């Protein structure tokens, strides 16, 4: 039976889940995180290359991404004070803006939708503000 192809949005949602698990488990590897999110039946057996690109790219560039994001997070807030999920979504959005050919407007809009899916409207507005300034 042929497996369905993951949409770009599903890939990003899986990337957020994988990055979130890496945020919580210091000893976990990118491969562990990918295996975890792809273990659900509704996903294809073969992982999309872009999923791995996003997860590895964010992990490898985390320090650089954090430095860039920190410039646009105003006191009293800082990356450390944000929820793990907001921090992960910001890093993913920043990675797509700074390191991929994804159009900036798409990267920002996807991050906003991810925030709405994983958090709330207030979080989505905050992420929109930070990433719009980063662009």
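In UniProt numbering, the protein residues as written are 1 to 135.
Beta carbons: idealized from backbone N, C-alpha and C, even for Gly.
None of these values were measured; they are calculated from a predicted model.
Query raised in the report: Where do the ends of the alpha helix (DSSP H) carrying residue 75 lie?
Result: What you label residue 75 is simply residue 75 of the chain shown in a count that begins at 1. Counting along the chain, residue 75 falls outside any alpha helix (DSSP H), and DSSP gives it neither H nor E.
Query raised in the report: Do the region 16-33 and the region 120-132 touch if we need at least three Cβ pairs shorter than 8 Å?
Result: no
Requested in this report: Could you say if the region 112-121 and the region 68-81 meet the contact criterion of at least three C-beta pairs nearer than 8 Å?
Outcome: no
**Report entry** Start-end ranges of the alpha helix (DSSP H) lying completely within the UniProt domain "NusB/RsmB/TIM44" (10-134), minimum 4 residues
**Finding:** 30-38, 49-60, 62-70, 84-99, 104-118 and 121-134, all fully within the UniProt domain "NusB/RsmB/TIM44" (10-134).
Requested in this report: Under the assumption that residue 30 contacts residue 17 (Cβ atoms under 8 Å), give the Cβ distance between them as a whole number of angstroms.
Outcome: Here residue 30 corresponds to residue number 30 of the chain shown, with the count starting at 1. Here residue 17 corresponds to residue number 17 of the chain shown, with the count starting at 1. About 13 Å; that fails the 8 Å criterion.
Report task. Pick out whichever of 53, 57, 51 and 73 has its Cα sitting closest to the Cα of residue 129. Result -> Numbered from 1 along the chain shown, position 129 holds the residue referred to as residue 129. Out of 53, 57, 51 and 73, 73 has the C-alpha closest to the C-alpha of residue 129.
Report task. Look at the alpha carbon of residue 91 and the alpha carbon of residue 14, and state the distance between them as a whole number of angstroms. Result -> Locating residue 91 in the chain shown gives position 91, where the first residue counts as 1. Locating residue 14 in the chain shown gives position 14, where the first residue counts as 1. So the alpha carbons of these two residues sit roughly 14 Å apart.
Query raised in the report: Once you ignore the five residues that flank residue 86 on each side, which residues in its own chain have a CB closer than 8 Å to its CB?
Result: For the purposes of this step, residue 86 is taken as the residue at position 86 of the chain shown. 115, 119, 123, 126 and 127, listed in sequence order.
Requested in this report: Under 7 Å Cβ to Cβ from residue 10, same chain only, skipping five residues before and after it: list those, please.
Outcome: Here the question's residue 10 lines up with position 10 in the chain shown. Closer than 7 Å at the Cβ level, and outside the excluded window around residue 10, lies no residue.
Report task. Would you tell me roughly how many angstroms separate the C-alpha atoms of residue 75 and residue 62, rounded to the nearest one? Result -> Translated into the one-based positions of the chain shown, residue 75 becomes position 75. Translated into the one-based positions of the chain shown, residue 62 becomes position 62. Straight-line Cα distance between these residues: approximately 21 Å.
Query raised in the report: Which residues in the same chain as residue 53 place their Cβ atom closer than 8 Å to its Cβ, once the five residues preceding and following it in sequence are excluded?
Result: Your numbering for residue 53 matches position 53 in the chain shown. Closer than 8 Å at the Cβ level, and outside the excluded window around residue 53, lie 100.
Query - Exposure of residue 56, with buried meaning 16 or more beta-carbon neighbours within 10 Å - result: Within the chain shown, numbered from 1, the residue matching residue 56 stands at position 56. Exposed, because fewer than 16 other Cβ atoms sit within 10 Å of the Cβ of residue 56.
Query raised in the report: Excluding sequence positions up to five away, which residues of its chain have a Cβ less than 7 Å from the Cβ of residue 132?
Result: As a working note, residue 132 is residue 132 in the chain shown. Correct list, in chain order: 108.
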